[in-house]
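Here the structure is laid out as structure tokens; the discussion comes afterwards.
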Amino acid sequence: MKKDWHTADIIAAIRKKNKTLASLSREHGLSSSTLANALTRPWPKGELLIAQEIGVTPAEIWPSRYFDENKQPIKRTVRNDLPNNSDIT
Numbered sequence: 001m002k003k004d005w006h007t008a009d010i011i012a013a014i015r016k017k018n019k020t021l022a023s024l025s026r027e028h029g030l031s032s033s034t035l036a037n038a039l040t041r042p043w044p045k046g047e048l049l050i051a052q053e054i055g056v057t058p059a060e061i062w063p064s065r066y067f068d069e070n071k072q073p074i075k076r077t078v079r080n081d082l083p084n085n086s087d088i089t
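FYI, the numbering for the sequence shown is 1 to 89, going by the UniProt record's numbering.
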């Protein structure tokens with residue numbers, strides 16, 4: 001199985017897009033340090049936001065979170081039960 005990307009490589013890929021992890025967090029209505037959680041522990045929504053910015057799939061960055069030791073996909077879902085900023089009045 002492929003290894004997960006090193007945290008520094010993920011941050012470097014984001015920097016190549018002229019962004020920081022903090023600015024990407026704020027862009028999506030999150031606290032500036034929130035997306036950093038996805039670097040150290042599984043969080044599908046955060047992983048997806050980071051991967052979309054880099055232009056790859058989350059499974060490419062974190063294969064250990066998406067495939068088991070037999071290379072079979074692990075079922076994961078993204079919760080979508082929080083309101084968008086536009087829903088808050």
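For every residue, glycine included, the Cβ atom is placed at its ideal position computed from N, Cα and C. Bear in mind the structure is a predicted one, so any value in this text is a computation, not a measurement.
Query: Check whether the stretch 56–74 touches the stretch 28–37, taking contact to mean three or more Cβ pairs, one atom from each stretch, closer than 8 Å.; Result: no
Query: Who does R73 pair with in a DSSP beta bridge?; Result: According to the sequence as given, residue 73 is Pro; it is not Arg. Answer is F67, bridged to P73.
Query: When you compare each of K3, K16 and A8 to G55 by their alpha carbons, which one comes out closest?; Result: K16
Query: Relative to the alpha-carbon of D4, which residue among P44, K19, W43 and L39 has its alpha-carbon at the smallest distance?; Result: L39
Query: Give me the Cβ distance between L24 and I11, rounded to the nearest whole Å; I'm assuming they're in contact under 8 Å.; Result: The pair is not a contact, with the Cβ atoms about 10 Å apart (cut-off 8 Å).
Query: Taking the alpha-carbon of L49 as reference, which of T7, R41, P42 and L35 has the nearest alpha-carbon?; Result: L35
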